[in-house]
Amino acid sequence: MKKKNKDWLDSPGNFGQYSGKVQPIHYFAANLPDSLVANIMKYSIRHAKKNGKEDILKALWYLDRIYEVLEEEYDSVSVEDLINSHPDLDEDQIKILQSLDEFLSGDSSKLSDVREGLDNILSNKYS
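Residue numbers (numbering that gives the first Met the number 0): 0 to 126.
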């Protein structure tokens with residue numbers, strides 16, 4: 000089993016690396032609470048075959064986020080709130096977030112825009 004950097008467990012809420020007031024976890028909690036549960040399920044299932052203790056710690060981290068969500072108000076976090084809170088996002092990142100939001104609202108054609116944005120980032124920044 001590979002050892003990985005576990006700094007993500009020690010950072011504030013794991014999303015402390017983002018500069019904006021509205022963190023991605025806030026958007027997830029308000030609009031996709033099942034994604035938090037899905038991550039707990041994923042890490043609980045795969046731990047024995049992939050990252051062992053680290054995956055169980057990740058599952059616990061997401062469980063703690065669910066408790067936080069139950070205690071806080073995230074009802075009014077929109078994708079625009081998330082975008083406006085992160086002025087360093089580039090055009091492709093904004094397109095991805097907006098397209099995913101529209102997909103979640105029922106427009107499955109927006110997945111091609113997500114693919115295009117991700118492909119652009121991959122070719123422009125990582126090739």
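Don't be surprised by glycine CBs; every beta carbon is placed ideally from N, CA and C. Predicted, not measured: the structure shown is a model, and the values here were computed from it.
Worksheet entry | Sufficient close CB pairs (3 or more, under 8 Å) joining the region 94-103 to the region 46-58 | no
Practice prompt. Work out the CA separation of S111 and L117 for me, nearest whole Å.
Written response: Rounded to whole angstroms, L117 to S111 spans 10 Å at the Cα level.
Fill in: Reference E79; option with closest CA among E71, I65, R64, S98
S98
Item to complete: Work out the CA separation of E115 and D91 for me, nearest whole Å.
Response: 8 Å
Item to complete: Go ahead and label V21 buried or exposed: buried means 16 or more other beta carbons lie within 10 angstroms of its beta carbon, across all protein chains shown.
Response: buried
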